[in-house]
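Heads up, the thing below is written out as structure tokens.
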Ligand SMILES: Nc1ncnc2c1ncn2[C@@H]1O[C@H](COP(=O)(O)OP(=O)(O)O)[C@@H](O)[C@H]1O
Ligand SMILES: [Mg+2]
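Numbering (my numbering), first residue to last: 92 to 385.
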């Protein structure tokens with residue numbers, strides 16, 4: 092699908108390894124970061140692809156299973172009528188038999204990302220992407236399909252809304268079991284906490300993304316983080332006819348405070364684990380987002 096060669100991808104992975112080993116992650120060609128990881132622009136001289144480094148999978152089988160879930164997720168979003176950025180999951184084999192995954196997408200122009208568009212627009216005039224995002228979420232979210240509808244996950248180009256954040260595929264089977272392999276994600280946290288994260292924390296977070304009200308709360312709360320508070324009214328108005336019990340600005344502020352706390356704690360735990368592993372002579376094999384203002 093993409094014309095990014097295996098050698099080019101391996102070169103990127105070596106650079107990431109080097110940066111992780113030396114702690115000089117600021118040298119990487121970063122395009123952006125979310126709560127989970129860094130997105131890198133590659134090849135460095137003339138970036139064509141956004142490459143999102145996934146945690147290492149312990150085996151080829153685990154990698155393939157994740158790639159299948161990712162493919163099914165993109166297909167499910169498409170079937171629900173959503174435009175999704177073309178996405179490919181690629182692997183880089185490691186000596187130990189593990190596979191590092193990269194989610195590869197064409198690079199989208201920075202000025203088509205939803206946050207800068209709203210920053211440049213006047214809340215008094217409104218913007219069609221507000222209704223488009225609210226409608227796309229309503230058409231997609233179900234007990235079997237989760238969606239992270241935060242602004243930073245959308246592009247708006249020539250009146251067309253496209254979704255880009257598919258690397259954490261949120262699908263549930265008919266028995267209600269999540270198909271997301273949490274193991275690679277859990278590896279970023281201190282070992283002693285992993286069972287707790289897998290059993291209690293992660294399911295609660297994921298459930299919020301398959302409930303339309305939860306998705307809207309998260310989308311609105313994120314406006315505060317993006318310093319787009321002035322757009323909250325427009326979103327709440329667009330959301331009102333879609334929920335039996337409307338969301339209020341107070342609901343959003345309350346949610347934002349607890350959500351920000353949760354993610355801050357999770358990031359602190361990852362930094363702690365990184366410090367511990369570096370101190371004990373190991374590498375911490377994950378790229379962490381830089382300081383996040385909340
Ligand atoms: N294909 C892309 N082109 C340009 N920028 C991108 C692309 N994919 C992601 N980004 C940037 O990186 C950020 C994080 O990517 P995302 O896929 O949402 O990861 P996360 O799961 O960590 O939120 C995006 O909000 C955007 O700013
Ligand atoms: Mg995102």
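Don't be surprised by glycine CBs; every beta carbon is placed ideally from N, CA and C.
Fair warning: this is a prediction, and the values are worked out from it, not measured in the lab.
Residue 367 is bridged by DSSP to nothing; it lacks a bridge partner. In the displayed model, residue 377 falls within coil according to three-state DSSP, outside both helix and strand.
For residue 162, the three-state secondary structure derived from DSSP is helix.
Annotation: the segment 294-322 contains the following complete segments of the alpha helix (DSSP H) (minimum length 4 residues), in chain order: 303-316.
Judged by the Cβ position, residue 256 qualifies as a neighbour of ligand 2 at the 7 Å threshold, a heavy atom of the ligand being closer than this. In terms of CA proximity to residue 244, 306 leads the group 306, 185, 217.
Around the beta carbon of residue 281, a 10 Å sphere encloses fewer than 16 other beta carbons of the protein chains shown; the residue is thus reported as exposed. Between residue 118 and residue 131, the C-beta spacing is not below 8 Å.
For residue 189, the number of other beta carbons within 10 angstroms of its own is at least 16, and it is reported as buried. Counting the other CB atoms within 10 Å of its CB gives residue 335 a total below 16, which places it among the exposed residues. For the pair residue 364 and residue 378, the Cα-to-Cα distance works out to about 12 Å. Residue 203 and residue 263 do not touch by the CB rule: their CB atoms are close to 31 Å apart, not below 8 Å. About 18 Å separates the Cβ atoms of residue 224 and residue 167, ruling out a contact at the 8 Å cut-off. Secondary structure note for residue 147: its beta strand (DSSP E) is the uninterrupted segment 140-148.
Our two residues, residue 293 and residue 218, have alpha carbons roughly 34 Å apart in a direct line. At a threshold of 7 Å, residue 233 does not count as near ligand 2, since its beta carbon sits no closer than that to any of the ligand's heavy atoms. By the beta-carbon neighbour count (other beta carbons within 10 angstroms, threshold 16), residue 321 is exposed.
Bridge partners of residue 180 according to DSSP: 194.
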